[in-house]
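Structure first, commentary second.
Residue numbers (full-length UniProt numbering): 1 to 178.
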């Protein structure tokens, strides 16, 4: 397998991992949780998802052929307090990720060295993907942090539970490497 093929396979795997972390967080929350905002300067989960949705649709609609900052995107509006239900948040979440995943699935290894534009800034495709892989996990972490804060003891850990690292490492040591 060529490096470009490995890169595409691995970046898709990483994006899927971050979506799954968000899915598992959202599954633990209710309508009140997704709109919780500790202060006016902080974003609720709903606002973060609105922003991710807008960013993903803008960046990955016609990814190879149009500037990633679409004229129809209203970025500032993504941060307006719009009261949403959990169902509406999950819908936006899934729409954004579907747009991203569909664009990734359409890429060929040779596309990685093509030039695209975001806000008229030229970027090679692989660099634009790395840029988004740095951006989206930041927001997924914010979503997780808010969820964990709100749920307290009821929070279901998304990775190795506190105090269970040794058990996890022992289990991993007994599994064959794949």
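We treat Cβ as the ideally placed atom computed from N, Cα and C, and that holds for glycine.
Checklist entry - For the region 19-35 against the region 63-70, are there 3 or more C-beta pairs whose distance is under 8 Å? => result Taking 8 Å as the limit for Cβ pairs, the verdict is that the region 63-70 does not touch the region 19-35.
Item to check | Inter-residue CB distance, residue 45 and residue 33 (contact presumed, cutoff 8 Å) | outcome: Residue mapping note: residue 45 aligns to position 45 of the chain shown, counting from 1. Residue mapping note: residue 33 aligns to position 33 of the chain shown, counting from 1. With 8 Å as the limit, residue 45 and residue 33 qualify as a contact, their Cβ atoms being about 7 Å apart.
Checklist entry - Since residue 15 and residue 104 are thought to touch, with beta carbons under 8 Å apart, how far apart are those beta carbons, to the nearest angstrom? => result Within the chain shown, the letter at position 15 stands for residue 15. Within the chain shown, the letter at position 104 stands for residue 104. Residue 15 to residue 104, Cβ: 7 Å. Contact.
Next on the checklist: So, for residue 112: in the same chain, excluding its five sequence neighbours on each side, which residues have a beta-carbon less than 6 Å away from its beta-carbon?
Outcome noted: Taking the first residue of the chain shown as position 1, residue 112 is located at position 112. Same-chain partners within the cutoff: 4, 125, 126.
Checklist entry - With 16 other CB atoms within 10 Å as the buried threshold, where does residue 39 fall? => result Here residue 39 refers to the residue found at position 39 when the chain shown is read from its first residue. When all chains shown are included, residue 39 counts as exposed.
Checklist entry - If you follow the beta strand (DSSP E) that residue 18 is part of, which residue opens it and which one closes it? => result Residue numbering aside, residue 18 sits at position 18 when the chain shown is read from its first letter. No beta strand (DSSP E) holds residue 18; the alpha helix (DSSP H) holding it covers 3-27.
Checklist entry - Per DSSP, what kind of secondary structure is residue 121 in: helix, strand or coil? => result In the chain shown, residue 121 corresponds to position 121, counting from 1. When DSSP states are grouped into helix, strand and coil, residue 121 belongs to the strand group.
Next on the checklist: Can you find the residues in the same chain that come closer than 7 Å, C-beta to C-beta, to residue 18, ignoring five residues on each side of it along the sequence?
Outcome noted: Translated into positions along the chain shown, residue 18 becomes position 18. Within the same chain, residue 18 has close Cβ partners 136, 137, 140.
Checklist entry - Just to confirm, are residue 147 and residue 29 a CB contact at a threshold of 8 Å? => result Within the chain shown, numbered from 1, the residue matching residue 147 stands at position 147. Within the chain shown, numbered from 1, the residue matching residue 29 stands at position 29. With respect to residue 29, residue 147 sits close: the two C-beta atoms are nearer than 8 Å.
Item to check | Beta-ladder partner(s) of residue 116, from DSSP | outcome: Start at 1 with the first residue of the chain shown, and residue 116 comes out as number 116. 123, per the DSSP bridge assignment.
Next on the checklist: So, under 8 Å CB-CB, residue 50 and residue 82 are touching, yes? Tell me the CB distance rounded to an integer number of Å.
Outcome noted: Here residue 50 refers to the residue found at position 50 when the chain shown is read from its first residue. Here residue 82 refers to the residue found at position 82 when the chain shown is read from its first residue. Confirmed, about 7 Å.
Item to check | Top-ranked residue by Cα proximity to residue 20, from 167, 157, 166 | outcome: Within the chain shown, the letter at position 20 stands for residue 20. Comparing Cα-Cα distances from residue 20 to each of 167, 157, 166, the minimum goes to 157.
Checklist entry - Going straight from the alpha carbon of residue 150 to that of residue 84, what length do you get? => result Along the chain shown, one-based indexing puts residue 150 at 150. Along the chain shown, one-based indexing puts residue 84 at 84. Looking at the two C-alpha atoms, the distance is approximately 17 Å.
Next on the checklist: Let's see if you can read the secondary structure: which residues bound the alpha helix (DSSP H) around residue 69?
Outcome noted: By one-based count along the chain shown, residue 69 stands at place 69. Unbroken run through residue 69: none, as it is neither H nor E.
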